[in-house]
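Here is the structure we will look at.
4 protein chains.
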Amino acid sequence: MTPDASAPPAPPATARGQRTRAALVQAAAVVFERDGFLDARIVDIAVEADVSTGTFYTYFDSKEAIFVEVVDELIDELYQQSHVGDMAGPDPVARIAAANRLYIESFARHAALYAVVVQVASFNSDFRKRRQASRLAFVDRATRGLRHLQETGQADRTLDADLTAAMLCGMVENFAEVRHLLGQQFDDDNAVAAMTDIWARAIGLR
Amino acid sequence: MTPDASAPPAPPATARGQRTRAALVQAAAVVFERDGFLDARIVDIAVEADVSTGTFYTYFDSKEAIFVEVVDELIDELYQQSHVGDMAGPDPVARIAAANRLYIESFARHAALYAVVVQVASFNSDFRKRRQASRLAFVDRATRGLRHLQETGQADRTLDADLTAAMLCGMVENFAEVRHLLGQQFDDDNAVAAMTDIWARAIGLR
Amino acid sequence: MTPDASAPPAPPATARGQRTRAALVQAAAVVFERDGFLDARIVDIAVEADVSTGTFYTYFDSKEAIFVEVVDELIDELYQQSHVGDMAGPDPVARIAAANRLYIESFARHAALYAVVVQVASFNSDFRKRRQASRLAFVDRATRGLRHLQETGQADRTLDADLTAAMLCGMVENFAEVRHLLGQQFDDDNAVAAMTDIWARAIGLR
Amino acid sequence: MTPDASAPPAPPATARGQRTRAALVQAAAVVFERDGFLDARIVDIAVEADVSTGTFYTYFDSKEAIFVEVVDELIDELYQQSHVGDMAGPDPVARIAAANRLYIESFARHAALYAVVVQVASFNSDFRKRRQASRLAFVDRATRGLRHLQETGQADRTLDADLTAAMLCGMVENFAEVRHLLGQQFDDDNAVAAMTDIWARAIGLR
DNA sequence: GATGAATGAGTATTCATTCAT
DNA sequence: AATGAATGAATACTCATTCAT
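Encoded structure:
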């Protein structure tokens, strides 16, 4: 009946508690984005949320614990924002181009925070797994798209859809990282055109 | 006339000093690979090199300073080891496949240390630049290869060689990182085949 | 809007904090007096105040920062204690003698700590300025006294009051330092008589 | 027959050794004057003398040991340079003025190094004694001068020559220190005039 | 005598976390 | 729930001194 000594803090029971917790997550995003994970201090997050440091531990066990929530929100947004809907029309090349553009634009918006995810993944295996899981969601979506084109005879049926999607997604992901995390200058329109062209040729479109 | 107050330590004047310095660099590689950058302590490096901590500072100003040397050796090896020589024959597809295989094999051998480079690049802009410079060397080599194929009529002359090479290199690099840093399981033979196929189609080989 | 990154710690918000801070200043005076500035360690001050070393940094940025407070208290006391009030009567010579005696007695009481001020002033220009400012307060007081005697026709009106006061104060200060910091033996009664005699003759009393 | 384990190094037997030793003392003066005692490092002195650090210990046991020599040279120079010779003529006031002027000018020339003496005296009792001994030499000279004036009926015979000389010398010394170590601005001509006037009045000249 | 590499003791400082109020 | 004061472990770096060559 006694709870685990190391159990995470219970979710807030009151509306006031919920507000404080949300303020902390929001503040953490600001601080992590500004300072990175290593330089972010608990007290900075507390100050940004306008609460005392003690209050932080009412809701989170550690810096990692609050970072999980920040990252989950980020990953979710990235995934949602890069979804190609019906607006893009039926043309496969146009849809691929739109997907690439959306991904890169979304990545650009969240680059500062994504850099922190990369940082934490570099020394914390939990976040490495989390990052990998997030990647797979993109690859799965691309795989489904590719299979659909294969089934409808638009893409080369001899291709290994899993591997091909993984490779092409990796190309796009790598571009986004080099562009926005390493800071290499590119003309984004040309870049999207080039990666889309490669993608289309690779899957034998038409 | 007075040298910089913060000038790096002078290179060793004696053979004994040169041996000690080399032992430190060697030891640092072992410790960084084992513990990562953040968890590596100066004293660990000194112990591994069988010298006192004070001796470390006879040759290096900081952990970053010795890491530079470790990284430069690593980057150089990666570049050299992934060079496709004459042994690969004249067939472009075979040469591309060989290049990809060599790169991935070399990456695999140095993955643990390369992970540390990624880690440090995530919070240190000097190493970010260094990492980016190393990437560009690969892309340049690929660009030269592609231009050659274009000039000899084997590859599509309408392609932007710079952008295309950047994208395809990014694909390979991303694969290597996902495979060896994030730990996703792949069958390497199939993977090399898939990325080579994409590469060949993308540049319109034949 | 963000405060200085290197802003000094905020003053304590609670009574408990105020008690702790005051205990640290008190402990610092003891330790500085006992060990001098250079040999005083933060941990000694913390132990003397019965708190952990971390707590020291809750209230002060450095050994210098807490020394400022110790010195300011000391300087204030020295100045207050050497003030000649109405008790000394109206006779100028008696008043000068009283002032000199009070100064030297007060200096004697605080000699150990004053020695530390001299020490710190010898390598820290901030404290050098602070020491000099404290001196000027004494000289100013003496200058006002001398001017008053000049205006009432008791002292030679042709004297440069500023310079003369500076010189005579310097004589007294030097005596106190030689006596209590360098340790030369003097009969204090004779010494006070001698310096008072010089002072009186110098300003042409009567 | 075996020498004391802690005996100071023997004086150099060869001319080469004498040159090296002298170069070290000369270099030490430069470094102490530039950096102060605390910030002066043995290696700095060795570099300035153009020898290796090991060589330093061929001639001196410690930083203090070499500082002794630097200080002794300094004190000697100060004393010699402030000697009033026959050039000053027979007039007592003129001779006192000349002595004060010479002292202050000499002090000004050596102020930077003298500041280091004060610094070291603040934490090392050996140098405190040395400093005090140097002071006494000046006071003795002044005492002899005063006694001579008393014996020739030029100065008040009722004065305690020792005490009076100590006080007046202290006044001059204090002025020099405030002027050149604490950095207070003075017009030196007026200052010398003022202190000479005080001196003359104090001993009842004429 | 000279060299310069090697030594290693010694301490300020940070900050995640706890806990009394 | 909130506060904010208190804790204390953990580590980089300096430099006087030694000593093998």
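Protein chains in written order, with numbering that gives the first Met the number 0: chain A, 0 to 205; chain B, 0 to 205; chain C, 0 to 205; chain D, 0 to 205. Backbone N, C-alpha and C define an ideal beta-carbon position, used for all residues, glycine too. Remember, predicted model here, so these are calculated numbers, not experimental data.
Taking Cβ positions only, does A/Ser121 come closer than 9 Å to chain B? Residue-level contact check: A/Ser121 touches chain B, since one or more beta carbons of chain B fall below 9 Å from its beta carbon.
Hey, which unbroken runs of the alpha helix (DSSP H) at 4 residues or more fall wholly within the stretch 97–180 of chain B? Counting whole runs of 4 or more residues, the stretch 97–180 of chain B contains the alpha helix (DSSP H) stretches 110–120, 124–150, 160–179.
A/Ala83 versus B/Trp198: straight-line alpha-carbon distance, rounded: The identity of residue 83 of chain A in the sequence shown is Val, whereas the question assumes Ala. Their Cα atoms are separated by approximately 26 Å.
Would you tell me roughly how many angstroms separate the C-alpha atoms of A/Ser124 and B/Glu32, rounded to the nearest one? Using only the alpha carbons, I get a separation of about 16 Å.
Chain D contact for C/Asp250 (CB, 9 Å cutoff): In the structure as shown, chain C starts at 0 and stops at 205, and residue 250 of chain C therefore has no counterpart that could be examined.
For A/Val50, which three-state DSSP category applies? DSSP places A/Val50 in coil when its eight states are reduced to three.
Using beta-carbon positions only, say whether A/Leu135 and A/His109 come within less than 9 Å of one another. No, these two residues do not count as a Cβ contact at 9 Å.
Exposure of B/Gly144, with buried meaning 16 or more beta-carbon neighbours within 10 Å: Looking at its Cβ environment, which holds 16 or more other Cβ atoms inside 10 Å, B/Gly144 is buried.
Using a 10 Å radius around the Cβ and a threshold of 16 neighbouring Cβ atoms, would you call D/Met86 buried or exposed? Exposed: under 16 other Cβ atoms inside 10 Å.
Check whether the stretch 88–108 of chain C touches the stretch 177–196 of chain C, counting contact only when three or more Cβ pairs, one atom from each stretch, lie closer than 8 Å. Segment contact: the stretch 88–108 of chain C against the stretch 177–196 of chain C, three or more CB-CB distances shorter than 8 Å; contact assigned.
Comparing the C-beta of A/Arg15 with each C-beta of chain B, is any distance below 9 Å? A/Arg15 has a beta carbon lying at 9 Å or more from every beta carbon in chain B.
I'd like to know if D/Arg140 contacts chain C, where contact means its C-beta is closer than 9 Å to some C-beta of that chain. No, D/Arg140 lies away from the interface with chain C (no Cβ there is under 9 Å from its Cβ).
Determine the direct distance from the alpha carbon of D/Ala120 to that of D/Thr57, and round the result to whole angstroms. Answer to the nearest angstrom: the Cα atoms are 26 Å apart.
Closest to C/Ala190 by CA distance: which of D/Asp159, D/Leu204, D/Val177 is it? Nearest of D/Asp159, D/Leu204, D/Val177 to C/Ala190, Cα basis: D/Asp159.
Could you list the residues in the stretch 168–181 of chain A with a C-beta less than 7 Å from some C-beta on chain B, going in chain order? Result list: Gly169, Met170, Glu172, Asn173, Phe174, Val177, Leu181.
Tell me which residues of the stretch 104–119 of chain C have at least one Cβ-Cβ distance to chain D shorter than 9 Å, keeping chain order. Of all residues in the stretch 104–119 of chain C, Ala114, Val115, Val117, Gln118, Val119 have a Cβ within less than 9 Å of some Cβ in chain D.
Look at D/Arg200 and C/Gly152 and say whether their C-beta atoms are less than 9 Å apart. Cβ atoms of D/Arg200 and C/Gly152: not closer than 9 Å.
Between A/Pro91 and B/Asp38, what straight-line distance do the alpha-carbon atoms span, to the nearest angstrom? Straight-line spacing of the CA atoms in A/Pro91 and B/Asp38 works out to 48 Å.
What is the C-beta distance between D/Phe59 and D/His179, in whole angstroms, given that I count them as a contact (C-beta under 8 Å)? About 28 Å separates the Cβ atoms of D/Phe59 and D/His179, ruling out a contact at the 8 Å cut-off.
If you scan the stretch 15–72 of chain D from start to end, which runs of the alpha helix (DSSP H) of 4 or more residues do you find wholly inside it? For the stretch 15–72 of chain D, whole alpha helix (DSSP H) runs of length 4 or above, ordered along the chain, are 41–48, 52–58.
If you measure beta-carbon to beta-carbon, which residues of the stretch 22–41 of chain D are closer than 7 Å to chain C? Look at the stretch 22–41 of chain D: the residues with a C-beta under 7 Å from a C-beta of chain C are Gly35, Leu37.
Quick check on the DSSP output: the alpha helix (DSSP H) that includes D/Ala87 runs from which residue to which? Going by DSSP, D/Ala87 is part of no alpha helix (DSSP H) at all; its letter is neither H nor E.
For C/Gln118, count the other beta carbons within 10 Å of its own beta carbon; 16 or more makes it buried, fewer makes it exposed. Which is it? Burial call: buried.
Taking its Cβ as the centre, do 16 or more other Cβ atoms sit within 10 Å of A/Arg40, making it buried, or is it exposed? By the neighbour-count rule (16 or more Cβ atoms within 10 Å), A/Arg40 is not buried but exposed.
Buried or exposed: A/Glu150, going by 16 or more other Cβ atoms within 10 Å of its Cβ? Classification of A/Glu150: exposed, given that the 10 Å Cβ count is below 16.
Close-in-space but distant-in-sequence residues of the same chain around C/Arg236 (CB under 6 Å, 5 per side omitted): In the structure as shown, chain C begins at 0 and stops at 205. Residue 236 of chain C is therefore absent and cannot be evaluated.
List the residues of chain D whose Cβ lies closer than 9 Å to the Cβ of C/Asn265, in chain order. No answer is possible for residue 265 of chain C: the residues shown for chain C start at 0 and end at 205.
Check for me: the alpha helix (DSSP H) holding B/Asp188 runs from which residue to which? Looking at the DSSP string, the run of the alpha helix (DSSP H) that includes B/Asp188 is 187–201.
Within 10 Å of its beta-carbon, does B/Gln17 have 16 or more other beta-carbons around it, so buried, or fewer, so exposed? Exposed, by the Cβ-count rule.
Residues in its own chain within less than 7 Å of B/Thr52 by CB, not counting five upstream and five downstream? These residues qualify, in order along the chain: Ile41, Val42, Ala45.
Inter-residue Cα distance where the pair is C/Val29 and B/Thr13: The alpha-carbon atoms of C/Val29 and B/Thr13 are separated by roughly 51 Å.
Neighbour flag for D/Ala98 against chain C, beta carbons, 9 Å: Output row for D/Ala98: interface = no.
Using a C-beta cutoff of 9 Å, does A/Ile197 count as contacting chain B? Interface residue (Cβ-Cβ distance to chain B less than 9 Å): A/Ile197 is classified as such.
Is the Cβ-Cβ distance between D/Phe174 and C/Met166 less than 9 Å? For D/Phe174 and C/Met166, yes; Cβs fall inside 9 Å.
On the criterion of 16 or more Cβ atoms from any shown chain inside 10 Å, does A/Val24 qualify as buried, or is it exposed? A/Val24 comes out buried.
Determine the closest residue to B/Glu104 out of B/Phe55, B/Asp186, B/Val69, B/Thr157, with distance taken between C-alpha atoms. The candidate whose alpha carbon is nearest that of B/Glu104 is B/Asp186.
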